Every structure is written in C-alpha cells, then in structure tokens.
Amino acid sequence: MGKGKKEKDTTTNDDCWWWLLQKGTTAVFVTVGLFALLVRVAVSLHPYSGAGSPPKFGDYEAQRHWMEITINLPIKEWYRNSSSNDLSYWGLDYPPLTAYQSFVHGLFLRFFHPNSVALFASRGHESYLGKLLMRWTVLSSDALIFFPAVLYFIIVHYNQPSRSRKSELAWHIAVLLLSPCLILIDHGHFQFNCISLGFTIGAVAAILSGKDLAASVLYCLALNHKQMSAYFAPAFFSHLLGKCLRCKHPILEVLKLGLLVLGTFAAVWWPYLYSTQSILEVLSRLAPFERGIFEDYVANFWCASSVLIKWKRLFTTESLKLLSFTATVITCLPSMVQQIKSPSSRGFLYGLLNSSFSFYLFSFQVHEKSILLPLLPASLLAVEEPFMFRWFTQFAMLSMFPLICRDGLVVPYLALLALFVLILNAPGQHRATESNYFHKYLGSATMFLILCCYFVLHIVYLTMHPPEKYPFLFEAIIMNLCFSQFVLVTLGCNIKQWLLNKPANLEEIEKKHI
Amino acid sequence: MGKEKLSFKAVHNSHSPKITVWWFFLVATCIKILLFPSYRSTDFEVHRNWLALTYSLPLYQWYFDETSPWTLDYPPFFAYFERFLSSFAHLIDPQIVHLQEGLNYSSNKVVYFQRVTVILSDLSLLYGVYRLTQNLDSRKQKLIWSLVIWSPMLFIVDHVHFQYNGFLIGILLISLSYLEEGRDLLGGFVFAVLLCFKHLFAVAAPVYFVYLLRHYCWGGIVRGFNRLLIMGGVVTAVFASAFGPFFHLGQIQQVIQRLFPFGRGLCHAYWAPNFWVFYIMSDKGLAFIFRKLGFNVQTPTASFTAGLVGDSSPFSVLPKITPFVTFIMVILALSPCLFKVWKNPQPQMISRWIAYAYTCGFLFGWHVHEKASLHFVIPLAIVAAQTLEDARHYFLLSIVSCYSIFPLLFETQEYPIKILLLLLHSILMWSGFSAQFYGGAETARVPTNSKKKADQFGSEDNSGAATKKGFVIGWIGGIYLIGLVVVEIWGQILHPLVLGDKFAFAPLMLISIYCAFGMMYSWIWQLISIVKSV
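Protein chains in written order, with numbering that gives the first Met the number 0: chain A, 0 to 513; chain B, 0 to 533.
Structure below.
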C-alpha cells in the first residue's frame, strides 16, 4: 500500500493528489511518513551486513558489540583496550554520543533478550529475536530523530510565501523520507546514519529559520554522533561566520557561538574530561589513519585515480594525509568564500553539498557509505535541482552496489531504485522545464549513453565474472563512472552557488518561483 | 529495470489514466518485492506441492496423489494454471517441481519464483479494476485504485501469507465490468471461468443466474430461449474444458470429494468473524447457565479450537449444524437480494449484489476462512465512493475485515507491517473520502464537479450538514473502532501480562467475536440498502 507521493499543482486542471493535499501539511506528512516507515520495515526483513559470516561478521555485529560493551562496562573503559574490551574486535570508534545511544539501545535489548548482549558470550550473536530488536532500534531512531527533523525542515523551508506550493511540499517530503541509499544502509546494511543526518537536517532547518544558536547545538550533536558529519563543517562554519560578520558586534556573536559549541562538546564528552590522556584515548579511536587512504572501492578521487597512480605505494601515509587534507581544503574553499562573502539560505544549502562533496572526493579514509552525506543536501535541494538530484541519487546507488551485493541486498536495492524513480515521476507532477547545466553540458545523447552504461553495469556486475587477471575490474569501472558523474555534479553546484551572487540571476530565480 | 523505462515515458503524458494506474500498480509491486523474505504460511508449500504434482504426474493422478498432506483441492483450471507455472519453475530450479525432493523446499529461488508468480498474476486485478473504473472521473478513479490496488488485505493475504486472491478477484472484477457494460455473455463466461479456478466463488452463482436470466435471456420466447441456449452452451463449454478430462477418466467423484471436504467442520481453526461465532458462544453460554441450574449437560468431545473436527457434535445444548443447514441459511439470506435482482436487473447494481452474496456466504457458510472477506470487500470498493453512506460503511468494513485477518500473521517480525498497512489504508481512505465528499466545495474549480456531486447524493442534507469538516463516521462507528484498538492492546500486551499462558486462545476468540459484530453490521447495512434501492 503505498501512498506515496503526491505531487501536483493544485491550481491547474485536475490533479491526482488533491485528496491527500487538502488536509494540510501534517496529514500529508503522516501519510508519507507511514509509507516511509512501511518501506523501512519491509527492507529490514532482508539480511544485514555480515549475516552468518564469522568470525568478524559486519556492521551489524559492530553495533551489537557496542551495545554489549556499553551496558556491561563502566563508561571510562568504553574506549580503552582491556581484558574485557578487545578493541581489535569492533572496538568503539565513533564519538561518545554513539556510545550513549548504544547504551540506551543495549538496555532495550537486555530487557527483552538478555542473551543477545551478554558480555563475551554474545559475540557473533544471531537470532530471530535479536535481529528483530536490533532492527527496531534503528526504526525507532529513524522515527524519533530523522522524521521530526524532516518535518521541521519542511515547515521552515515552505514557510516562505514564495514557496507555498503544496504539491511540491508533498513531493519533497516523499523524496526526503524515501531516500533509497539511506534506507538501504540503515535498515538493510545496518547503521545509524539516520541519527547524525537527522541532527544535521535539524541544524539546517534551524539556520534557515534564523535560530543560529540552536543550529550550532544540533550540529555539534550530529558531529558527536558520527565524526563524518565534519563533512558539513566548512559550510556551517562559513555560513555562520558570514552571518556574524554582518552583525553589529561580530566578535560577540562569534564568541557566543564558540562558547555554545564548546559547551555542547563538554557536555557530551564530560565522562572523559577528567584527564588529557583519556581524551586522547578516545580521539585516537576516532581517527583510524592506519586504515589507509581508502578502503574497498569508493568513487572518490584517490580510488578512481589509483587505477593510474598507485597512491598507496608512491607515498607514505603521512604525506598522503597532508596531500588529502590540502586537496580537501582547496576544493571546499570556493564555496566557503562565497558563504562568508554573502551568506544566504540557498547558498548555504549549496555550500553543504559542495563541502561534503569535497570531503567525499578528496579526504582521507572515505567509505562508500559516506556518499550519504552529500546526498542529504542534494535531497534538501531536490525541488530546485530535480534533475541533478535524480542523477546524483542514481549514481550514488550505483557506487554502493558492490557493497550491497556483498550484503545480499540486491532485491531491496532494485525495488528501492524502482520506487525512487516512480516517486520522482509521480503522475500529475508539475514539470517545470528546468534549464539545468546538465542538459547544457552533457546533451541528451551523452546522457542516454551514460544511462545505458548504468544499466549494463548492473547486469554485468550481477551476472559475469571478471577476468582472473583483474578481479576488481568491474568495481573499478563502476567507481570511475560514478566518480566522473560526482565531479560533474559538484562542479555544477559550485558554479551555481557562485552564480547566486549575481543579483540579476537572483531575480530570475525568484521569478521562477512565483 | 523495465520500470525505469516506463516511467520515463510517463514524463511525457503523465495525465493518461493508463499510465497512472500502472504507476499505482508498480508502487505496490515495489512493496511486494520488499516483502519477499517475510513470513509465509503452509499455503506456500501447498502451492509448491501443486507445482510439483502437476509437473511430475500425469493428469489422471492429479486428484489422487497423496505424497504430501497438501493435496490438490482446487478445480481443474487452477491445476492447469499451476501446470503452466511449473514449466517455468522447472527452468528456474528443477527441485521446485520434484515431488519428493521438493517437499518443504525453501531456497531463495523457490520463494522468489512463487512470490513473483503472485505479483504477475495480480495483473488480472489491475486489468479488472481498470476496466471497472474507466468511465469514472479521474478523482474517483484514483481513490478506487488506491483502495483496491493498495488493499492492505491483499498485501497481507497474498504477498505475505501467500495465496492467489488478487488474481482470482481480478477475474471476478473483469466479469463484473462486462456485466456493467451490458456485455452479459462475456460476463457470464468469465464468471464460469472463475468458478473453474476456485469453486468457493460459487456463492454468487444464484445472483449471476437470476441476473443473467432476467437481463440477458428475458424478452420474447424465441429470443429468450435462444439466448438461454447460448449462455448455457458457453457455460457448459467452460466447465467441459475444465472438468471434461476428469469426467472422461471417470474421476469426477474423486474431484468433487476433493473440492468439497465437508468433513472439515463448521469453523476453521481460527474462527472467521461470522454468524456461527455467535451461535457457538450462545451454546457455551446456555450450557453454562444450565449447569448452574443443575441440569446435566455433557461437555462435547470435539473442540472448536482444534482445527479438524470429526463427526461428533461440538455443541452441548443447541442443535448440531450440518452443511445442509448452512446452505439453506445462505439461500435464505440471499433471497431478498435475488428478489430484487429478479424485479429489476440493473447493471449498475451488480457489484453490490455480488458483494452481498459473498457477504452472506461469509456469514452463514460452512467452514469459512477469515480470508473470504476479501471476496466482498474488494468489489465493494468499486462502489465505495458513490455516496457518503457507502463511504462510511466501507470505511468501517474494510478496517474491520483487515483487522480480522491480523491473526494470519502471528510472528513478531510482521507485526509492524500489518499495523502500518492498516494505518496507511485508514488514513488514505479518510483523506480520500473527506476530499471526495467535503473538499470540493471550497475550491469549486471544476464546474462539473458540483453538478456530479448533486446527483451523487440521494439526500442533500448529508452534503450540506458536514461541509468543511473531516469525514466522520458517527459516534457508534468511532467507538467501535476505538474498541478494536482496545481488543488489540488486550491481546498483545495485557492478556500475556495479566493471565500469562492461561487461555491462550482467548485473544483470538475475542478478535473473532468483536469483528463478527462489525461483519453483522455490514451485512445488515448491505441488506437494507439493497432492499431500499429502487
């Protein structure tokens, strides 16, 4: 049963979704939200990462192990290697907020199924009830953090009179809540990205509504749940700085924000603040530099170019760290400068996309799952940039395809991809002929060709064996294709962000909205 | 990936109803695919066994084979259908169709294969509902599509529990659509085909018979007789092509025995919420009272909760019910409707009459399954948007009947799924009906809209009174629905907490009894509306 998305311009002719829309934002949100929950529950029936594959299992076992550790050991020992906490076996490597969340979920598991989180004895625990309870921890996190954050964003974003088109609003809710990548990773593969991404959306919404202080607290929470949220840091930093500089007392404003950030961090890190050593202990867990510049196959610059340049052989880890850091900073600099010069809501959203992209493409130790971070601002921009969003999501899906195959999630992958395309093309949709840079630069023939490659790659990857000489040939092709598309997207968005500065352009955009 | 291509096309003519109905279907398909790994009942193995049996054995052994306890007990067309599917199954994995080695086979291949066959066979539902709604205005169309194609009951019964109801009900809808168009011969033909797929649909046969006799065959002795012969010939041909081979082999008695296993008892293991629930309960109540009064009442040896029931009477006080009694009851309940059909056979009423016939069969029939409520809930969806009264009745009925099949999915894993399906369905119905009956006024953008509205409402006061408010079902309905929530909370949480393992059957019994009230209400409502109709 799906209710899905509705979409449609209420003022013109007969539209399909008027009956869902006329009840107002909350009714639409509840309907779409229930549908999104249904999809999540259905995906969670499928296997998780590392199901039935000892001795290391996968992310599912990691999360379960953290619950086991946090409810059985005192808080000071969570990040410390000891006889009862073997850090080489899925040791905690996320910031304290994740640990607290594991603690709460661990209590929940212990209440219903103590065996699944018993110290030592539960290593590699797999059971019907155990899986169910674990799945429900993600579902509840999603429903309690991500969903309200999306509602908050929608309310704020569509509060401006020029953006009051209801149909767009409904479509936007559907797109945000039914992002196929997020659902696959959280409810299929098994992770808790919904929490940090939910906090991030909350922070974005707070900024859009002018509550900068609340925004910085929410963003710090996101950062303290997953250090990967730092991908957004340049955008938040530059936008808030730009805003402060325009205030009467810039120093005061910056001080206020700085103190609030420090305060939030201190609160979250409180149990570890008793000595420098304990802080360093935790910090060293958060930055696993020993794992190399990239793992597996990820569609970023280092992995894609390693086909030609063997980075790992040519450089030491130290110099690679420096190299990647420099590349990341250089690439996110333009969008930062734009935001400091002229902070604006739209510019901020583009800035989020651009800064997270430069981290994804150039930073050290990137996972294929990190594509979720740039995807988030892209989905916030879905109404402004529908084509870019669709194109990006499709290739983000492809870039995770090898991972999904390993997890045995091909069926939900295909179903979610189809569902995503169906929602984008919901009947009765009002299709503004968008003048987008993609069409301009690519031309429809090239696009068609790329799309063909896209489908062929799926089929080839599923059905054929790579030549023995190059066992990772298909992965490499997939990653290079995705990388090229990601670069196009981020180039386009950087240009767009800078074009926002031109007043003439602004007017044009305004016109389009009215 | 075919879906991908299709939706690209949708971009260009997104207003075409065909594309839209496909969109509804494909969205549902995505969810169905996601439900692949969910719980499946023994019906899954039943159908797998039928695949194996029809593939591996020659026709003359089909109705005799007893390799598995799940013997073939559907009419021949369904067996042919399984034979057709089994040739694909053989290509996918020969073990699926192996009579012995395939027993309880449960690899991903067989699960995916059989689930896909259900999804594909749902195309008949898509076609049926599209045919039935093609002349309606696009708003109603979409409302009906979302009620039928996204029916939570079909998801639960077909795509989790595992059966082919969508396919069969689709055939029924196709037949109804022909009747509504006045193409009676085709309608009768399709219904005969349906009977040869699943004989349980025969409950509506009296209505079909009277309707076709009066609407198709009436008018002049020669013309009428000719038409009677034509119709009779068509129906006979259908039945001959189904049962002919078995008749030829002299097995017809065996086939009939398999199709009508009357040894199974009045009620299914889980009582369908029908009239007999009240009968059993009053028997128990009377026995209790008599015992208190000092009479010696024997406790029956057979039990209702034990599934297969033997010959002994399960009642202690009230008379034993035989299949014949239930048959008479069904006919009696049907008679007012048959009378109406005879008096004035009008095509636009046929959906209601057929739905009413299945309601009677559900309430008074022998060994009724709770799933049988699909047979009238889905056809009623077609007329649910016609008047406010219809909508109110349908709202209540579809929630109650969906809730009554909840016990089918008893594993924890599917618990959120059934709840979410029902909630989503309710909210879709609620916003759909509100918009249909209260929403149009303020916008008034389509002039034809208000005109249509005027003819829709028999009684004007309905439309006027409640404008601008949401869709309301009245306080009795509201309290009844809240009661459902209470029953569910009792069964899921309070009962295990308060009583522990004692009376483990009580929550199920409570659901049956409670839902039976809703079903009785629906029957009475339908009866009254049919009797009152002009």
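Backbone N, C-alpha and C fix where the C-beta goes; we use that ideal spot for every residue, glycine too. Everything numeric in this text was worked out from a predicted model, so none of it was measured.
Beta-carbon neighbours of residue i, restricted to chain A and to distances below 7 Å
{"i": "B/Thr538", "result": "Because chain B here runs from 0 to 533, residue 538 of chain B falls outside it and cannot be looked at."}
{"i": "B/Ser334", "result": "Simply none; closest approach about 37 Å."}
Buried or exposed by the 16-neighbour rule on C-beta atoms within 10 Å, applied to residue i
{"i": "A/Ile515", "result": "Only positions 0 to 513 of chain A appear in this structure, which leaves residue 515 of chain A out of reach."}
{"i": "A/His156", "result": "buried"}
{"i": "B/Ile527", "result": "exposed"}
{"i": "A/Met478", "result": "buried"}
{"i": "A/Phe361", "result": "buried"}
{"i": "B/Asp310", "result": "Here the model assigns B/Asp310 a pLDDT of 48, short of 50, so the residue's position is not dependable and the matter cannot be decided."}
{"i": "B/Gly517", "result": "buried"}
{"i": "B/Thr358", "result": "buried"}
{"i": "A/Asp406", "result": "buried"}
{"i": "A/Ser341", "result": "exposed"}
{"i": "A/His64", "result": "buried"}
{"i": "A/Lys22", "result": "buried"}
{"i": "B/Tyr73", "result": "buried"}
{"i": "B/Pro68", "result": "exposed"}
{"i": "B/Gln252", "result": "exposed"}
Contact list for residue i against chain B, beta-carbon separation under 7 Å
{"i": "A/Pro411", "result": "Leu33"}
{"i": "A/Val40", "result": "Pro415, Ile416, Leu419"}
{"i": "A/Ala414", "result": "Cys29, Ile32, Leu33"}
{"i": "A/Phe34", "result": "Leu423"}
Rounded straight-line distance, which links the Cα of residue j to that of residue i
{"i": "B/Phe80", "j": "B/Val497", "result": "49 Å"}
{"i": "A/Lys311", "j": "B/Cys29", "result": "42 Å"}
{"i": "B/Gly482", "j": "B/Leu493", "result": "14 Å"}
{"i": "A/Leu36", "j": "A/Ala414", "result": "15 Å"}
{"i": "A/Ile370", "j": "A/Ala395", "result": "6 Å"}
{"i": "A/Glu76", "j": "A/Gln226", "result": "20 Å"}
{"i": "B/Leu362", "j": "A/Gly32", "result": "36 Å"}
{"i": "B/His241", "j": "B/Val399", "result": "The question names His, but residue 241 of chain B is Ala in the sequence shown. C-alpha separation (whole angstroms): 36 Å."}
{"i": "B/Leu509", "j": "B/Ile488", "result": "12 Å"}
{"i": "B/Val20", "j": "A/Ser166", "result": "20 Å"}
{"i": "B/Met152", "j": "A/Thr392", "result": "33 Å"}
{"i": "A/Ala117", "j": "A/Phe111", "result": "12 Å"}
{"i": "A/Phe400", "j": "A/Leu421", "result": "20 Å"}
{"i": "B/Asn273", "j": "A/Phe34", "result": "32 Å"}
{"i": "A/Ala221", "j": "A/Phe419", "result": "26 Å"}
{"i": "B/His368", "j": "B/Ala88", "result": "29 Å"}
{"i": "B/Ser174", "j": "B/Arg182", "result": "9 Å"}
{"i": "A/Phe102", "j": "A/Met66", "result": "6 Å"}
{"i": "A/Tyr359", "j": "A/Tyr151", "result": "27 Å"}
Proximal residues of chain A, C-beta to C-beta of residue i below 8 Å
{"i": "B/Trp22", "result": "Leu421, Asn424, Ala425, Pro426"}
{"i": "B/Gln412", "result": "Leu44, Tyr127, Leu131"}
{"i": "B/His109", "result": "Note that residue 109 of chain B corresponds to Val in the displayed sequence, not to His. Those do not exist, as B/Val109 stays about 15 Å from chain A at its closest Cβ, beyond 8 Å."}
Cross-chain neighbours of residue i in chain B, by beta carbon under 8 Å
{"i": "A/Val455", "result": "Under the 8 Å cutoff, chain B gives no residues; its nearest Cβ is about 10 Å from A/Val455."}
{"i": "A/Ala526", "result": "Any question about residue 526 of chain A goes unanswered here, given that chain A covers just 0 to 513."}
{"i": "A/Val29", "result": "Ile426"}
Contacts that residue i makes with chain A (C-beta to C-beta distance below 9 Å)
{"i": "B/Cys401", "result": "Residues of chain A passing the Cβ test: none, with the nearest at roughly 10 Å."}
Minimum Cβ-Cβ distance from residue i to chain E less than 9 Å
{"i": "B/Leu420", "result": "Among the protein chains in the structure shown, which are A and B, there is no chain E."}
Inter-residue CB distance, residue i and residue j (contact presumed, cutoff 8 Å)
{"i": "A/Phe288", "j": "A/Thr316", "result": "6 Å"}
{"i": "A/Leu499", "j": "A/Arg345", "result": "6 Å"}
{"i": "A/Gly105", "j": "A/Ile144", "result": "Going by Cβ atoms, the distance from A/Gly105 to A/Ile144 rounds to 18 Å, so no, they are not a contact pair."}
{"i": "B/Val234", "j": "B/Trp341", "result": "That belief does not hold up - the Cβ atoms of B/Val234 and B/Trp341 are roughly 19 Å apart, past 8 Å."}
{"i": "B/Cys514", "j": "B/Tyr402", "result": "6 Å"}
{"i": "B/Leu172", "j": "B/Leu131", "result": "6 Å"}
Cross-chain neighbours of residue i in chain B, by beta carbon under 9 Å
{"i": "A/Leu108", "result": "Those do not exist, as A/Leu108 stays about 14 Å from chain B at its closest Cβ, beyond 9 Å."}
{"i": "A/Ala204", "result": "Those do not exist, as A/Ala204 stays about 25 Å from chain B at its closest Cβ, beyond 9 Å."}
Worksheet item: Does the region 81 to 91 of chain A touch the region 204 to 221 of chain A, meaning 3 or more C-beta pairs lie closer than 8 Å?
Response: no
Worksheet item: So, do the region 260 to 273 of chain A and the region 370 to 385 of chain A have three or more beta carbon pairs nearer to each other than 8 Å?
Response: no
Worksheet item: Touch check for the region 382 to 395 of chain B and the region 277 to 289 of chain B: three-plus C-beta pairs under 8 Å?
Response: Counting C-beta pairs with one atom in each stretch, the region 382 to 395 of chain B and the region 277 to 289 of chain B have fewer than three that are closer than 8 Å, which means they do not touch.
Worksheet item: Three or more C-beta pairs closer than 8 Å, one from the region 144 to 160 of chain B and one from the region 407 to 418 of chain B: is that the case here?
Response: yes
Discussion item. I'd like to know if the region 98 to 110 of chain B and the region 42 to 53 of chain B are in contact, where contact means that at least 3 CB-CB pairs between them fall below 8 Å.
Written reply: yes
Worksheet item: Is the number of C-beta pairs between the region 238 to 245 of chain A and the region 298 to 310 of chain A that are closer than 8 Å three or more?
Response: no
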